[in-house]
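Notes follow the structure.
In this note's numbering, the protein residues as written are 24 to 100.
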């Protein structure tokens, strides 16, 4: 892995400064575009949601099943 990284670093250093600057600028522009799209999607989802956040206790289905079996046994006696 270190050899591969060293090779990539040497290739990067071999590029002219102008190309390095251009590539860095392109990568940063793509990063900003992706960030803007994700933020817009989050805002759109939050804005179109008609239902507020509902906070309820978590029900464990295994415990619920055990309680119903207990009730059935008690009802038989």
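A virtual CB, placed ideally from N, CA and C, is assigned to each residue, including glycine.
What alpha helix (DSSP H) runs, 4 residues minimum, are completely inside the segment 29-68?
Qualifying alpha helix (DSSP H) stretches: none in this window.
Pick helix, strand or coil for residue 80, following the three-state DSSP scheme.
DSSP places residue 80 in coil when its eight states are reduced to three.
What separation, rounded to the nearest whole angstrom, lies between the Cα atoms of residue 84 and residue 65?
Their Cα atoms are separated by approximately 32 Å.
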